[in-house]
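Protein chains in written order, with the working numbering: chain A, 112 to 402; chain B, 112 to 402.
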């Protein structure tokens, strides 16, 4: 088993971004500024936002957190987004999901100015991605693409199976990897909860991207030799030896693959760290597009 | 072999639209109005536009044709689109493709107001489609979906192979058929020019949608019994018995399937007629959204 080291690659990307920022500062150009909107007190959301802000500090970005109680109305939130859209100091911003159920997520994400939409979830940017037009690619699929590029994995004509059809992972990565791009050109299949013969699909694939959130779903016997496995699953399972009482595991039964001739992204330390570095890369891009 | 009769279904859809229009007229509501922009003297484009306008007459729509010489500049064309965007009489319009090479197609399609974008090619609408949000679905994939619905074909969990990844057919139909919708939920594979083992992919599929434009590419031996074949190919081949000197053929070697237990869309008379009726359905929708 060979590890695809997302943590290492993510650190390389963050170092590159940091160098860019230093060069911008030396050239008296604007320092990139990422803002995050957080509504309510969801624990994991707070954790995600904090880690994004810490990453900004690491690369020398400015950052802002706009925190609202979960009794904010949709109109008030739309209004706050308009203010951030118009704020020239902020280059890019994200709306941390999920939002409270009384707020229409689609309406909120559409309000984010496409030029500042570093999560890439405004339908205009999502459409550009689907059409193969340069735009902000959502962070998780962008991170997977970056791993494929930096490990020089050649996918042209290869069978790629994406398990999961979510808007944030499965759908976009399936589109990106089947486009006519040097890193892509794979023959991509999207499987999901209704798919039959999933084991047959897995065994016939050169690359498997699993994003279903079922701990240890993918077993060694399900894949062929020389497969590449990208594990996007993040599940909490009870772990009494951990001080938190849980540990994070992926969709892949990692230990089961220890003797197999495959490449694999670990969880944690695989796709997860890439997500944050790609968000910052999008923010740098948003800033540079205004230069 | 059982025929999926696109011509018959298209006529049913047109009759339904006509009834809607009559009912609107009786209720003193606005008559839908479709406009088309045609640049240059491309023969097939002229033919397509004419057939769209004839279809408008058949269902009782108003229609307009804006015809420009191929020396129109990009700025002039953008300006013309702005005028149509602002024209309250016109509910929906299309820009007939291809455009002359000096005009940026992406810029032009983005200029079309999303509310009037009945071709669904503005990135904002294309993104909504990809995200599963209600919008204008491009006519050819919408026509395929309509055939699947009206023939009550159950695709849930079935293997679907889309051959071709174009923006107007392969990409959108692959997305639509894998979404969580009652007519969809298929396990969809997108194959293209770089794909290997295409014959193996075909034989393992329940539904094959071919959109590559290679006459008689798909042979009987390549597919399994009980397959469903949607032929989106349109190629001209020499035919000295025809007064035009050519005939239209699809990607499917139709005669080769005559003894096979498959369902199949003929060319002509399959997907083609559906395309126009779906464009008119989108125009009716655009009109009704303003009621």
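Glycine residues also receive a C-beta, built at the ideal position from the N, C-alpha and C atoms.
Using a cut-off of 8 Å between C-beta atoms, extract the partners of residue 134 of chain B located in chain A. Simply none; closest approach about 31 Å.
For residue 296 of chain B, which residues in chain A fall below 7 Å Cβ to Cβ? 305
Compute the distance between the beta-carbons of residue 252 of chain B and residue 209 of chain B, then report whether it is under 8 Å. no
Residue 173 of chain B to residue 144 of chain B, Cα distance in whole Å? 4 Å
In its own chain, which residues sit with a C-beta less than 8 Å from the C-beta of residue 216 of chain A, not counting the 5 before and 5 after it? 208, 209, 210
Specify the secondary structure class of residue 274 of chain B as computed by DSSP and reduced to three states. strand
Any beta-carbon of chain B closer than 8 Å to the one on residue 380 of chain A? no
Look up residue 303 of chain B in the DSSP assignment and say whether it is helix, strand or coil. coil
Does the distance from the C-beta atom of residue 350 of chain B to that of residue 329 of chain B stay below 8 Å? no
Distance CB(residue 320 of chain B)-CB(residue 334 of chain B) smaller than 8 Å: no
So is residue 317 of chain A buried or exposed if we call it buried at 16+ other beta carbons inside 10 Å? buried
Since residue 346 of chain A meets chain B, which of its residues come closer than 8 Å, beta carbon to beta carbon? Neighbours of residue 346 of chain A on chain B: none; closest Cβ ~21 Å, over 8 Å.
Below 8 Å CB to CB, which residues in the same chain sit around residue 357 of chain B once its five sequence neighbours on both sides are set aside? 347, 348, 349, 350
Taking 8 Å as the CB-CB cut-off, is residue 216 of chain A touching chain B? no
Beta-carbon contacts of residue 201 of chain A that lie in its chain and below 6 Å, excluding the five residues immediately before and after: 144, 146, 195
Helix, strand or coil: which one does DSSP assign to residue 345 of chain A? coil
Rounded to whole angstroms, how far is the Cβ of residue 171 of chain A from the Cβ of residue 142 of chain A, which I believe are closer than 8 Å? 7 Å
Are any of the Cβ atoms in chain A nearer than 8 Å to that of residue 248 of chain B? no
Quick one: grab the DSSP three-state call for residue 203 of chain B. strand
If you measure between the beta carbons of residue 294 of chain A and residue 260 of chain A, is that distance less than 8 Å? yes
Own chain partners of residue 285 of chain B with C-beta closer than 6 Å, once the 5 adjacent residues on each side are dropped: 273, 299, 301
Show which residues of chain A have a CB atom less than 8 Å away from the CB atom of residue 277 of chain B. Correct list: empty, because the minimum Cβ distance to chain A is about 11 Å.
Is residue 267 of chain A close to chain B, meaning its C-beta is less than 8 Å from at least one C-beta of that chain? yes
Tell me whether residue 370 of chain B is buried or exposed, calling it buried when 16 or more other Cβ atoms sit within 10 Å of its Cβ. exposed
Taking 8 Å as the threshold, find out whether the region 377-393 of chain A comes into contact with the region 217-233 of chain A through three or more Cβ pairs. yes
Quick one: any contact between the region 156-163 of chain A and the region 117-134 of chain A, if contact means 3 or more CB pairs under 8 Å? no
On a CA-only basis, which of B/386, B/383, B/332 is nearest residue 366 of chain B? Give me that one, please. B/332
For my contact list, residue 376 of chain A and residue 115 of chain A are in at a C-beta cut-off of 8 Å; report their separation, rounded to the angstrom. 5 Å
Spell out the partners DSSP gives residue 245 of chain A in its beta bridges. BP columns for residue 245 of chain A are empty, so no partner.
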